[in-house]
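Protein sequence lines correspond, in order, to chains A and B.
Numbering-wise (numbering that gives the first Met the number 0), the first sequence opens with residue 0 and increments by one.
Numbering-wise (numbering that gives the first Met the number 0), the second sequence opens with residue 0 and increments by one.
Heads up, the beta-carbon is just placed ideally off N, CA and C, and yes, glycines get one too.
Reading through the structure tokens given below for one structure.
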Amino acid sequence: MKNIIHIELRKLVKSPAFWIILGLYTLSLVTVLSGTESFINHVVENARKNSPIPIPSFSLYAFPYVWHNMTYVAGFLKFLLACLVILFITNEYTYRTIRQNIINGMSRTSYFGSKVISLALLSLFTSFILVMNSLILGFAVTEEITLVLILDKVFFVGVYFLEVFAFLSFAFMAATLLQKAGLAIIVFTIYVLIAEPILAFRLPEEIAWYLPMKSIGRMIDIPNTALMKLFGVNFRETVEWIDMLMVVAYSSIFLFFSYLKIRKSDI
Amino acid sequence: MNEVILNISGLTRRFGSITAVDALDLEVRRGEVYGILGPNGSGKTTTLGIVLGVVNRDKGSFTWFGQEPSARIRQRVGSTLEMPLFYPYLNGIDNLRIVADIRGCSYDFIDNVLQRVGLFDRRYSRFRTYSLGMKQRLAIAGAMLGNPEVMIFDEPTNGLDPQGIAEIRELILSIAAEGKTIIMASHLLDEVEKTCTHVAVLKKGKKVFSGKVSELLRNELVVELRCDLPEKLSSELKNWDGCAAVSTENGLIIVKLNQGYHAGTLNRYAFDNGVEINHLAIRHESLEKHFLELLAEHQ
């Protein structure tokens, strides 16, 4: 276990492409998280001018709401991480290094395990950045801070981890089944951004509810900002167990098919 | 008889309508330098891919060291397959560290094998900057890591210039000299003849010959020679049991030998009859011809 993490890290840590993509991702994440409020405020300011009723003003970054708000926003950026995963999984096929790994005496199961660990480490990394960023913002804007207040909705971070991990599992499956970087990224993008949204729109709602990306996206609902209050909509501030179970199930299915492919095919 | 290192029995693999490996039986024993010889597409790489765990089989079985195949057993076999496969953005050392980690062997071997293949000076250069010859040598270095008992080389000189070919052959011969078991796939008869002790000839996935290299060549050996008294030698040779036919060609005497005779016995016969031979060589084109005939017989 320690050994395969070691091997996996050596493959990644000295790759310039890995650092460039991960660096850009982290920069985007921090920028988007830290900039969301001024963006929303801008919209709210405009709305306030035309609003007959006063719009209450409160910060997105205040504990405990910061966890829900930030995990929701961060969810949009996971696509970049998925591209990173696809690139690094397909590299093993492009360079055929997976073949040499197996020849040298790595078992196919270990290879699969090393990749699942990578997905988990990436999900952990982005969760960590999110936590640090949210803590800083939270401490900066919250007036009365108590430990209970900070920890109140921190479970959103765990849900965010699951969301990213499941999404990356899907990317892993796409990369493992298709094996070519360009093809995998195109198919993945078309499915996530075009095909499933169309399906979700065309299918009856009770069936569309089961679609994988829809399930992953449903766990963390849109936060209730001041603007939402203005329109009188009220979104879910909790996470449903059934949604999380669905996502765990989907993630397992993606990983299972990836495992099957690695296990059964010529390499 | 030495211990059986690799035993293959009834191995079969089809790709669609093509049978790449067809009911193949093979046995490699400790200390042998075993050549797998055959034209392109004869199933050499598929066979090696199967015994190295990267290609599936439809039928048949194989054992390494008398045991069922497993990842752990593969760690005892140092191999290259088809072409050198490394991470292009990593340098020589980091690539070999990954190999060492997978093999479960110490990094201490790395400097040593890099020196052995002559890449020590380039150890901090990225793999993608290596020439083809250097890539091949790094692949051999990777195979040598952890001092495995058995090494597999698949077309190790493919695509190299004559100097590169000579270097790789010398390297393989020096490894063989340590008493390691070597399995080498090649489509070049000359390469197998120069390096191997045993050979299996494959054609369309079937084995058409297996045995010692000397046996493969024995059936019809043709030598060319030059001496100061060609007429005398020619007439002497006609009376010799070992000689099947004599002819001259551009001042060279061409002798076809009978089974059981070789260049050494011919030399002795000439010397005993008062003729000193200045030049004596086995005719390679005839070996190639013999090889082609062997393949043609099994059409």
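9 Å Cβ cutoff met for VAL140 (chain A) and SER58 (chain A): Numbered from its first residue, the first sequence carries residue 140 (chain A) at position 141. Numbered from its first residue, the first sequence carries residue 58 (chain A) at position 59. Yes, the Cβ-Cβ distance between VAL140 (chain A) and SER58 (chain A) is below 9 Å.
Beta carbon proximity, THR96 (chain A) to chain B, threshold 9 Å: One-based indexing of the first sequence puts residue 96 (chain A) at position 97. Interface residue, yes.
Distance cut-off 8 Å: VAL27 (chain B) Cβ against heavy atoms of the ligand MN: Judged by which ligands are present, the structure shown has none, so any question about the ligand MN falls away.
Given VAL212 (chain B) as reference, the closest of B:VAL221, B:ALA199, B:GLU223, B:LYS231 once Cα atoms are compared: The residue you call residue 212 (chain B) lines up with position 213 of the second sequence. The shortest Cα separation from VAL212 (chain B) among B:VAL221, B:ALA199, B:GLU223, B:LYS231 belongs to B:ALA199.
Test item: CB-CB of VAL222 (chain B) and LEU188 (chain B) under 9 Å: Working through the second sequence from its first residue, we reach residue 222 (chain B) at position 223. Working through the second sequence from its first residue, we reach residue 188 (chain B) at position 189. No, the pair does not count as a contact, with Cβ atoms beyond the cut-off.
Where PHE75 (chain A) falls, given that 16 or more other Cβ within 10 Å makes a residue buried: Position 76 of the first sequence, counted from the start, is the residue given in the question as residue 75 (chain A). So PHE75 (chain A) ends up on the exposed side.
First through last residue of the beta strand (DSSP E) which encompasses VAL207 (chain B): Walking along the second sequence from the start, residue 207 (chain B) turns up at place 208. Element bounds for VAL207 (chain B): 205–211.
Start and end residues, beta strand (DSSP E) containing TRP63 (chain B): Taking the first residue of the second sequence as 1, we reach residue 63 (chain B) at position 64. That run of the beta strand (DSSP E) goes 58–63.
CB contact flag (ILE164 (chain B), GLY77 (chain B), <9 Å): Your numbering for residue 164 (chain B) matches position 165 in the second sequence. Your numbering for residue 77 (chain B) matches position 78 in the second sequence. Taking 9 Å as the Cβ cut-off, ILE164 (chain B) and GLY77 (chain B) do not qualify as a contacting pair.
Beta carbon proximity, ILE253 (chain B) to chain A, threshold 9 Å: Position 254 of the second sequence, counted from the first residue, corresponds to residue 253 (chain B). It does not; no Cβ of chain A falls within 9 Å.
Short CB-CB distance (under 9 Å) between ASN90 (chain A) and chain B: Along the first sequence, read from residue 1 onward, the residue named residue 90 (chain A) stands at position 91. Nearest CB-CB separation between ASN90 (chain A) and chain B: below the 9 Å threshold.
C-beta atoms of SER106 (chain A) and ALA70 (chain B) nearer than 9 Å: As a working mapping, residue 106 (chain A) is identified with position 107 in the first sequence. As a working mapping, residue 70 (chain B) is identified with position 71 in the second sequence. For SER106 (chain A) and ALA70 (chain B), yes; Cβs fall inside 9 Å.
ILE49 (chain B) to LEU23 (chain B) span [Cα, whole Å]: As a first step, residue 49 (chain B) must be located in the second sequence, where it is residue number 50. As a first step, residue 23 (chain B) must be located in the second sequence, where it is residue number 24. Each residue's Cα considered, the two are about 12 Å apart.
Close beta carbons around ARG217 (chain A), own chain, < 6 Å, minus the five adjacent residues each side: As a working note, residue 217 (chain A) is residue 218 in the first sequence. Same-chain partners within the cutoff: ASP242.
Under 7 Å from the C-beta of ASP100 (chain B): neighbouring residues of chain A: In the second sequence, the residue the question calls residue 100 (chain B) occupies position 101. Result: ASN2, HIS5, ILE6.
Chain A contacts from the stretch 42–70 of chain B (Cβ-Cβ distance under 7 Å): LEU51, GLY52, VAL53, VAL54, ASN55, ALA70
Cβ contact check for the stretch 83–100 of chain B and the stretch 166–176 of chain B: 3 or more pairs under 8 Å: no
Whole-Å CB distance - ARG12 (chain B) paired with ASP57 (chain B), under 8 Å assumed: Here residue 12 (chain B) refers to the residue found at position 13 of the second sequence. Here residue 57 (chain B) refers to the residue found at position 58 of the second sequence. With 8 Å as the limit, ARG12 (chain B) and ASP57 (chain B) qualify as a contact, their Cβ atoms being about 5 Å apart.
Residues from the stretch 146–162 of chain B in contact with chain A, defined by Cβ distance under 8 Å: none
Within chain B, partners of SER267 (chain A) - CB distance below 8 Å: Residue 267 (chain A) lies beyond the residue range present for chain A, which begins at 0 and ends at 266; the question has no answer from this structure.
Cβ shell of ASN39 (chain B) (< 8 Å), same chain only, five flanking positions each side left out: What you label residue 39 (chain B) is simply residue 40 of the second sequence in a count that begins at 1. The answer, listed in chain order, is HIS186.
Near-chain A residues of the stretch 75–92 of chain B - C-beta to any C-beta below 9 Å: ARG75, VAL76, GLY77, SER78, THR79, LEU80, GLU81, MET82, PRO83, LEU84, PHE85, TYR86, PRO87, TYR88, LEU89, ASN90
C-beta neighbour in chain A for GLY30 (chain B), strict 9 Å: Here the question's residue 30 (chain B) lines up with position 31 in the second sequence. No, GLY30 (chain B) does not count as interfacial toward chain A.
Sheet register partners of LYS255 (chain B) (DSSP bridge): Along the second sequence, one-based indexing puts residue 255 (chain B) at 256. For LYS255 (chain B), DSSP records a beta bridge to B:VAL221, B:ALA244.
CB contact flag (THR89 (chain A), GLN178 (chain A), <9 Å): Looking up residue 89 (chain A) in the first sequence gives position 90. Looking up residue 178 (chain A) in the first sequence gives position 179. Contact: yes.
With 16 other Cβ atoms within 10 Å as the buried cut-off, status of ARG201 (chain A): Residue 201 (chain A) sits at position 202 when you count from the first residue of the first sequence. So ARG201 (chain A) ends up on the exposed side.
Per-residue contacts from PRO196 (chain A) into chain B (C-beta, under 8 Å): Walking along the first sequence from the start, residue 196 (chain A) turns up at place 197. Contact annotation for PRO196 (chain A) against chain B: no contact, minimum CB-CB distance about 36 Å [criterion: below 8 Å].
HIS197 (chain B) (DSSP reduced to helix, strand or coil): Counting from 1 along the second sequence, the entry for residue 197 (chain B) is found at position 198. Strand, per DSSP.
ILE252 (chain B) and LEU232 (chain B) closer than 9 Å at C-beta: By one-based count along the second sequence, residue 252 (chain B) stands at place 253. By one-based count along the second sequence, residue 232 (chain B) stands at place 233. When the beta-carbon positions are compared, ILE252 (chain B) and LEU232 (chain B) come within less than 9 Å of each other.
For VAL247 (chain A), the three-state DSSP class (helix, strand or coil): On the first sequence, position 248 is the one that residue 247 (chain A) refers to. Helix.
Proximity test, Cβ basis, 9 Å: LYS152 (chain A) and chain B: Here residue 152 (chain A) is taken as the residue at index 153 of the first sequence, counted from 1. For LYS152 (chain A), the answer is no, since every Cβ of chain B falls outside 9 Å of its Cβ.
Own chain partners of LYS77 (chain A) with C-beta closer than 6 Å, once the 5 adjacent residues on each side are dropped: Walking along the first sequence from the start, residue 77 (chain A) turns up at place 78. Closer than 6 Å at Cβ, skipping near neighbours: VAL163, PHE166.
Selected residue, minimal CA-CA separation from SER133 (chain A), among A:LEU259, A:MET245, A:THR35: Within the first sequence, the letter at position 134 stands for residue 133 (chain A). Ranking A:LEU259, A:MET245, A:THR35 by Cα distance to SER133 (chain A) puts A:THR35 first.
Within chain B, partners of ARG9 (chain A) - CB distance below 7 Å: The residue you call residue 9 (chain A) lines up with position 10 of the first sequence. Per Cβ cutoff of 7 Å: ASP93, ARG96, ILE97.
ASN103 (chain A) classed as buried or exposed, judged by whether at least 16 other C-beta atoms fall within 10 angstroms: Residue mapping note: residue 103 (chain A) aligns to position 104 of the first sequence, counting from 1. So ASN103 (chain A) ends up on the buried side.
Beta-bridge partners of HIS278 (chain B), as assigned by DSSP: By 1-based counting over the second sequence, the position of residue 278 (chain B) is 279. Answer is B:ARG225.
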